[in-house]
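> Here the sequence shown is numbered in my numbering, starting from 285 and rising by one per residue. A virtual CB, placed ideally from N, CA and C, is assigned to each residue, including glycine. My questions will all concern the structure given below.
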Amino acid sequence: EKNKSWLEEYTLFMALKKHFNGKPWHEWDRDIKTRTFTALKEYREKLSDEINYHRFLQFIFFKQWHELKSYANINNIKIIGDIPIFVAYDSCDTWANPDIFYLDEERNPTKVAGVPPDYFSSTGQLWGNPLYNWEILKEQDYKWWIKRLAATIELVDMVRIDHFRGFAAYWAIPYGSKDAIHGKWEKGPGEDLFKVIKAELGQIPIIAEDLGFVTPDVEKLRDTFEFPGMKILQFGFDSTEGSPYVPHLFPINCVAYTGTHDNETIVGWYEKAKAQDKDYVKEYLNTDGKDIAWDFIRLALASTAIMVVIPLQDILSLGSDARMNIPGVACGNWQWRYKKDQLNEDVKQKLTRLTGIYKR
285 EKNKSWLEEY TLFMALKKHF NGKPWHEWDR DIKTRTFTAL KEYREKLSDE INYHRFLQFI
345 FFKQWHELKS YANINNIKII GDIPIFVAYD SCDTWANPDI FYLDEERNPT KVAGVPPDYF
405 SSTGQLWGNP LYNWEILKEQ DYKWWIKRLA ATIELVDMVR IDHFRGFAAY WAIPYGSKDA
465 IHGKWEKGPG EDLFKVIKAE LGQIPIIAED LGFVTPDVEK LRDTFEFPGM KILQFGFDST
525 EGSPYVPHLF PINCVAYTGT HDNETIVGWY EKAKAQDKDY VKEYLNTDGK DIAWDFIRLA
585 LASTAIMVVI PLQDILSLGS DARMNIPGVA CGNWQWRYKK DQLNEDVKQK LTRLTGIYKR
């Protein structure tokens with residue numbers, strides 16, 4: 285009963301997925317693809333066993349997750365959860381709520397998400413997610429977003445919203461495009477959405493992922509609601525562009541990262557850096573570069589940022605082989621794993637000492 289608002293649609297979606305041999309929902313029979321009343325009723329009855337199975341799986345997952353979260357919280361550990369701004373086309377969210385996305389009568393997207401050419405890719409990134417129809421969402425008092433955030437904050441202590449800049453303006457790419465070059469900026473919901481969220485849910489602890497092409501309207505939106513933004517140390521030492529990512533320029537209300545899941549490890553980054561960037565790093569950090577990952581960890585912890593996030597690969601001083609993700613590359617990512625014995629006494633003592641020095 286408590287989870288009915290999403291559970292009923294999700295379990296039916298998963299049962300239908302199996303019924304149609306894993307096909308994406310937009311390739312299902314038209315009556316259920318377009319969610320006619322008769323088809324929904326018939327399939328709920330026909331697939332009731334499979335629906336109940338998925339209800340049970342969710343029950344077990346939530347039971348186990350809340351036990352884990354309680355254990356973490358009792359031990360003074362908070363969990364940051366991630367909300368991507370967009371959802372997948374082949375998802376229950378899109379199938380069950382076609383009115384809030386830019387879809388045509390056959391439920392095909394008319395324009396999709398991505399970002400223009402940037403630091404990571406010369407042709408931009410074509411993500412392909414369906415874009416929100418913010419006018420419809422506004423008419424509905426942003427009910428879908430309210431429910432999404434409310435459900436997430438039940439699972440975690442803090443929420444990082446990926447691609448925060450998309451709330452100010454987002455890059456809309458015509459459906460069927462081969463890359464992201466020929467998109468255009470369209471206006472997002474801005475302050476209106478977050479005012480409604482605050483009125484409905486109170487002050488949710490949110491980290492704004494404000495990387496990439498950040499304009500004054502994005503900064504204003506972030507600062508109006510006092511969301512901390514992200515500062516990536518690697519970006520601070522790129523001589524090709526003036527950078528706000530060096531610690532002496534940090535505002536206090538930010539989260540400092542040595543790097544994120546989308547970046548090289550510090551060791552990998554430093555090995556590939558231009559000579560002039562290496563020289564700047566050595567001068568700025570007063571280091572010889574022989575223990576560069578820990579030099580950067582110290583720099584992050586010593587900064588004024590209210591919070592610091594350090595990927596485990598940097599704590600373990602690992603190179604490019606341990607990189608988590610390469611943006612714009614579809615395959616071969618998220619393969620890295622660590623072994624328990626890598627978290628040895630030496631690592632423990634170094635991290636304990638630095639967190640103590642900087643009162644983290």
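Is the separation between the beta-carbon of N609 and that of D522 shorter than 9 Å?
Between N609 and D522, the gap from beta carbon to beta carbon reaches 9 Å or more.
> In the DSSP assignment, what are the bridge partners of I445?
I367, A492
> Tell me, which residues are paired with V396 by DSSP?
Bridge partners of V396: P414, I457.
> Hey, V593 and V539: beta-carbon distance below 9 Å or not?
yes
> Give the DSSP-derived three-state secondary structure of Y327 in the structure shown.
helix
> Nearest CA to the CA of A452: which residue from R621, G486, D501?
D501
> Output yes if chain B places a C-beta closer than 9 Å to the C-beta of F534; else output no.
Absent from the structure is chain B; it holds one protein chain and no more.
> Label P414 either buried or exposed according to how many other C-beta atoms from any shown protein chain fall within 10 Å of its C-beta, with 16 as the threshold for buried.
buried
> Cα-Cα, which of L421, L602, R637 is closest to Y622?
L602
> Mapping the DSSP letters down to three states, classify A540 as helix, strand or coil.
strand
> Return the bridge partner residues of E470 from the DSSP annotation.
Beta-bridge pairing links E470 to Y454.
> Going by C-alpha distance, which of I576, A614, Y416, F519 is nearest D402?
F519
> Please list, in chain order, all residues of the same chain as G573 whose beta carbon is under 8 Å from its beta carbon, the five residues on each side excluded.
Around G573: Y554, K562, V565, K566, D579.
> Could you check if L352 is buried or exposed, using at least 16 other CB atoms within 10 Å of its CB as the buried criterion?
exposed
> Tell me which residue opens and which closes the beta strand (DSSP E) that K623 is part of.
Neither: K623 is in no beta strand (DSSP E) and is coded neither H nor E.
> Which residues mark the beginning and the end of the beta strand (DSSP E) in which I610 is found?
Segment: none, I610 is in no beta strand (DSSP E) and carries neither H nor E.
> When the Cα of K468 is compared with those of Y459, T378, R432, which residue comes out closest?
Checked all of Y459, T378, R432; the closest Cα to K468 is Y459.
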